[in-house]
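Working notes, beginning with the structure itself.
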Amino acid sequence: MHPTIHGKVFSGRIVRFVILSLLLLPILLPLGIILLLFCTSLVRGDPEITSQLVWSGRSGLLLVKSTVYAAVCAVSALLIGILYATAIPRFSPRVSRAMIVLIIALLPIPPYIHALAWNNVLSAFNTLISGTSYQPFALQGWVMAWWVQVMAFLPFACLIGIIALHAISRDLIDAARVALPDITVLSKIMIPISYPVLSAGFGFLFLLGITEYSVPSLFSVETYALDIFAAFSATNAVAVACATALPLIAVAVCILVFCQPGFRALGEFPGWTGTGSSPLQDWPAWFSVLQFSVVILIVLQVGVLVFGTAGSIGSLPGIGAAISTSGREIAYSLEIGILAVLIGIPLAVGIVSLMPKGNFMKNVFWMLVTLSLAIPSSLIGMGLLTLFATTTIGPVISLLLPVLAGIVRFLPVAIIIISAQFHMIDPVLMDAARFLGDVGSESYRRVVLPMIAPGIFIAAVFLFSLTLGELGATLLVAAPGYQTLTMKIYNYLHYGSFSAVAGLSVLMAGITTIIMLLTLFGIGMWIQRFRLFGSDAHD
Amino acid sequence: MRMIECTGVRKQYNGTPVLTDISFHVPDRTIAVVLGRSGSGKTTLLRVIAGLDQPDSGTIAIDGRVVDEDGFHEHPARRGIGMVFQTPALWPHLTVQDHIRFVLHGLSKDEQKKRVDALLAMTDLVSLKERYPGEISGGQARRTALARALAGNPRCLLLDEPLINLDSDLKDSLIPLIREMIQISGAATVYVTHDRAEALLIGDQFFMLENGMIKSVIRDDLEGMAARLQKKDTRR
């Protein structure tokens, strides 16, 4: 290569690297600050830190319990998700589509609404059987926390199952179907091929389960993540909370590293929205029973959500009263959600567009992008508080902190979705645009952006909904005197004010579900208009 | 004996008829080549015979046994067929020898090993048996797909343009191998292609698929068509 051209290419790479680093800064800076604070305190020999590093038997046991809890929740949800994905093709195309839309509509409903719904329904059931000889359901404890957590994970787990199994090339399945029964094709071909995506799904659910404490705490179950929050509340020292969190972070990072190929596969998987549904339909009786049980479970889950929340309001004026007394919280939550989208989505698009080339650099990239998933939510909140501690907290920063909390926690999800959409673009289209005279930015605007638009919209809805439901970090960084809808619901739940919570929950679930459905409808129109993904027809 | 027999088979996708009235049969130990333009329904015909797609109406019988009829559809794995697809369709997590072994699930370990070794030797894949699909060339992948299709001693073999997108040298080396292996297996074969020269080298019996209808073509006619086409190409 000519030296001048070589120099230009090199300087171009440096510029890309610098811009990418700047874009990643909002995610990585709070994590870096926590690490810096911890290391400084450790070097100083702060006795509070060193005492936290000496592991007590209680901490060890709690970590083991929390790890097992998160793993069991993730595996249970994923197994149900796989069964649901295999059950979908048993129904007519219209019902199959409805089953997928139902799952997507359930996705943005925050876990504590599931907790409330199950709590209400089981309480009502206990009242019903109170006069009989049957034992009432225990509404507290590990089993209840596990069940509700699994129910809250179900929409995501089902979606992962659908993506993993339905995106496998039809030829690979057919080649196995001509030789072996469908159940063997599933266990020996489809599950192993979709292993990376399934492992990413496990990783994501496990990390959510181990770093979050909202569901277990509602059922009086103490987890390690709650201990971190308690350590900070007791000492007000980020370094102490960080020292407490260290073993949990170590476990979470191990899982993150283990699942890294899966996250990368998910982000660079061109078959995400795969047009081919799984052709397997010939199942043994025992498997069919499992499939139908899972479909019934999902329907039951929807029923519990409807009756467990809306049913406890009592009357329509109940919703009205809840809305009228929560106007400020609703406005604050919407502001945060919208700002998270307005800031986060351009960041995600920029980060995906500048994704480095080469296997090693891509591995580093995905590790950095997903790192925040392994950090407990309360620790992220502490990092943000520390980062802006030196600033006089003005009104703008107070609003920005919860926004940043949402971005730091959930931008990885948006990046994975946009990246997957990005990788679905046929490179020939880009080459054709360049060949026909479009320069870089022009072809990006006219070719790339319209092609990745569906991914951008879906990522925006996810970021909005997840930020709206975020609790662990927002509890710490919300502006004084302000609270989000999520915080209000969570506080009400602790006080046992169920009818008020139910009204707000219906409102919250309504907002997110309607936005999700509208987005799906819009994307469907967009895809149909431009016929973005080919048809299924054979030669 | 009629090994594969289709009678009045119809199939449409999203309201568009692809196969309108297909009736033909392939005798035992015969290679029937089905020719046709892109989009003529060749792949659909194979998929329907394999049981991967269900015909809207008509009857399909394999080895004298009805496998598809109104209201009855037998699973592909119970039809006793082997199939090679347009793409090699190799499973990324299995080695070359595992692909062959996968089909031999009913046999003992010793019998499996014997069969795998024999097929590896026939397809010249012995040195590559431990390799994964990502570590072999396009031609080697096609040979693996052929060995897998033949592993279960199928009574019928279906090949869907197995040499598509290969360079002519590779095609020339694979055609005799495919023909030899089919003859050794004794399977009744339906071989789909759009290449007349390839069809003449492989086939014993020829069919043309046009507008969803199938008609028999004799070798001389096909040779005449191929010659005229070659002349036209030379003039250009």
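Chains A and B, in that order, are what the protein sequence lines are.
Just so we're aligned: the first sequence equals residues 1 to 539 in the working numbering.
Just so we're aligned: the second sequence equals residues 540 to 775 in the working numbering.
The beta carbon of each residue, even a glycine, is placed where N, CA and C say it ideally should be.
None of these values were measured; they are calculated from a predicted model.
Rounded to whole angstroms, what's the CA-CA distance from leucine 102/A to leucine 154/A? Just pull it up for me.
Walking along the first sequence from the start, residue 102/A turns up at place 102. Walking along the first sequence from the start, residue 154/A turns up at place 154. Straight-line Cα distance between these residues: approximately 12 Å.
Whole-angstrom distance between glycine 763/B and glycine 274/A, CA atom to CA atom:
The residue you call residue 274/A lines up with position 274 of the first sequence. The residue you call residue 763/B lines up with position 224 of the second sequence. Only weak support is given to the placement of glycine 274/A: the predicted model assigns it a pLDDT of 49, under 50, and the value that follows is read from those uncertain coordinates. Rounded to whole angstroms, glycine 274/A to glycine 763/B spans 44 Å at the Cα level.
Can you check which of these residues, Thr50/A, Cys158/A, Tyr444/A and Gly350/A, is closest to proline 427/A by C-alpha distance?
Locating residue 427/A in the first sequence gives position 427, where the first residue counts as 1. Residue Tyr444/A is the option with its Cα nearest to proline 427/A.
Classify methionine 525/A: buried if its beta carbon has 16 or more other beta carbons within 10 angstroms, exposed otherwise.
Residue mapping note: residue 525/A aligns to position 525 of the first sequence, counting from 1. It counts as exposed.
Short CB-CB distance (under 8 Å) between valine 642/B and chain A:
As a working note, residue 642/B is residue 103 in the second sequence. It does: the Cβ of valine 642/B has a partner Cβ on chain A nearer than 8 Å.
Mark proline 47/A as exposed unless 16 or more other C-beta atoms lie within 10 angstroms of its C-beta, in which case mark it buried.
Sequence index remark: in the first sequence, residue 47/A carries index 47 (1-based). Exposed.
For tyrosine 112/A and valine 548/B, what's the separation of their Cα atoms in angstroms?
On the first sequence, position 112 is the one that residue 112/A refers to. On the second sequence, position 9 is the one that residue 548/B refers to. Taking the straight line joining both Cα atoms gives about 56 Å.
Is the Cβ of alanine 686/B closer than 8 Å to any Cβ of chain A?
Along the second sequence, one-based indexing puts residue 686/B at 147. No, alanine 686/B does not count as interfacial toward chain A.
Which residues in chain A sit within 8 Å of threonine 683/B, going by Cβ to Cβ distance?
Looking up residue 683/B in the second sequence gives position 144. What threonine 683/B touches in chain A: nothing, since even the nearest Cβ is about 11 Å away.
Can you name the residues that DSSP bridges to leucine 574/B?
As a first step, residue 574/B is located in the second sequence; it is residue number 35 there, counting from the start. Thr732/B and Met747/B.
Look at glycine 691/B and alanine 179/A and say whether their C-beta atoms are less than 8 Å apart.
Locating residue 691/B in the second sequence gives position 152, counting from the first residue. Locating residue 179/A in the first sequence gives position 179, counting from the first residue. Against a cut-off of 8 Å, the Cβ pair of alanine 179/A and glycine 691/B comes out as a contact.
How about proline 192/A: is its C-beta nearer than 8 Å to some C-beta of chain B?
If you number the first sequence from 1, residue 192/A lands on position 192. Yes, proline 192/A lies at the interface with chain B (some Cβ there is under 8 Å from its Cβ).
Return no unless some Cβ of chain B is closer than 8 Å to the Cβ of threonine 275/A.
Here the question's residue 275/A lines up with position 275 in the first sequence. Unreliable placement is indicated for threonine 275/A, whose pLDDT of 47 sits below 50; no coordinate value is reported for it.
Beta-carbon within less than 7 Å of valine 221/A's beta-carbon, same chain only, minus the 5 sequence neighbours each way: which residues are those?
One-based indexing of the first sequence puts residue 221/A at position 221. Within the same chain, valine 221/A has close Cβ partners Gly141, Trp142 and Ala145.
Our contact map puts leucine 305/A next to isoleucine 109/A with C-beta atoms below 8 Å; I'd like the distance itself, whole angstroms only.
Here residue 305/A is taken as the residue at index 305 of the first sequence, counted from 1. Here residue 109/A is taken as the residue at index 109 of the first sequence, counted from 1. Right, the Cβ-Cβ distance comes to about 7 Å (below 8 Å), so this counts as a contact.
For lysine 362/A: DSSP bridge partner residues:
Sequence index remark: in the first sequence, residue 362/A carries index 362 (1-based). DSSP output for lysine 362/A lists no bridge partner at all.
CB contact below 8 Å: threonine 662/B versus chain A
Stepping through the second sequence from its first residue, residue 662/B is reached at position 123. Not closer than 8 Å to any Cβ of chain A, the Cβ of threonine 662/B fails to qualify, so no.
Please list the terminal residues of the continuous alpha helix (DSSP H) segment that includes serine 378/A.
In the first sequence, residue 378/A corresponds to position 378, counting from 1. That run of the alpha helix (DSSP H) goes 377-387.
According to the Cβ coordinates, are alanine 167/A and glycine 201/A closer than 8 Å?
The sequence position of residue 167/A within the first sequence is 167, counting from 1. The sequence position of residue 201/A within the first sequence is 201, counting from 1. Not a contact, by the Cβ cut-off of 8 Å.
So leucine 180/A contacts chain B; which residues on that side make the cut at Cβ distance below 7 Å?
Here residue 180/A is taken as the residue at index 180 of the first sequence, counted from 1. Neighbours of leucine 180/A on chain B, chain order: Ala616 and His644.
Mind checking if leucine 186/A is an interface residue toward chain B, Cβ cutoff 8 Å exclusive?
Counted from its first residue, the first sequence places residue 186/A at position 186. False, the Cβ-Cβ gap to chain B never drops below 8 Å.
Quick test of your reading: methionine 622/B and alanine 589/B, contact by CB under 8 Å. State the CB separation rounded to the nearest angstrom.
The sequence position of residue 622/B within the second sequence is 83, counting from 1. The sequence position of residue 589/B within the second sequence is 50, counting from 1. Indeed, because the Cβ distance is near 5 Å, the residues count as touching under 8 Å.
Of all the CB atoms in chain B, is at least one closer than 8 Å to the CB of alanine 175/A?
Start at 1 with the first residue of the first sequence, and residue 175/A comes out as number 175. Yes, contact with chain B.
Give, in chain order, every residue of the segment 586-601 of chain B whose Cβ lies closer than 9 Å to some Cβ of chain A.
Arg586, Ala589, Gly590, Leu591 and Asp592
Under a three-way DSSP split, which group does glutamate 608/B fall into?
In the second sequence, residue 608/B corresponds to position 69, counting from 1. Note: glutamate 608/B maps to strand in three-state DSSP.
Can you name the residues that DSSP bridges to phenylalanine 563/B?
Translated into the one-based positions of the second sequence, residue 563/B becomes position 24. For phenylalanine 563/B, which the question treats as bridged, DSSP gives the partners Cys545/B.
Determine contact between the segment 290-299 of chain A and the segment 462-481 of chain A, defined as no fewer than three beta-carbon pairs at a distance below 8 Å.
no
Could you check the C-alpha separation between valine 148/A and alanine 115/A for me, to the nearest Å?
Within the first sequence, the letter at position 148 stands for residue 148/A. Within the first sequence, the letter at position 115 stands for residue 115/A. Using only the alpha carbons, I get a separation of about 6 Å.
So methionine 622/B contacts chain A; which residues on that side make the cut at Cβ distance below 8 Å?
Numbered from 1 along the second sequence, position 83 holds the residue referred to as residue 622/B. In chain order: Asp174, Ala175 and Val178.
Run the CB neighbour count on histidine 494/A, radius 10 Å, all protein chains shown included, and call it buried at 16 or more, exposed below.
In the first sequence, the residue the question calls residue 494/A occupies position 494. Classification of histidine 494/A: exposed, given that the 10 Å Cβ count is below 16.
Report yes or no: is there a C-beta of chain B within less than 8 Å of the C-beta of aspartate 171/A?
Taking the first sequence and counting its residues from 1, one reaches residue 171/A at position 171. Cβ-Cβ to chain B under 8 Å: yes for aspartate 171/A.
Short of 8 Å in beta carbon distance, which residues of its chain neighbour alanine 310/A, apart from the five on each side in sequence? Order them along the chain.
Within the first sequence, residue 310/A is the residue found at index 310, counting from 1. Contacts found: Ala502 and Val506.
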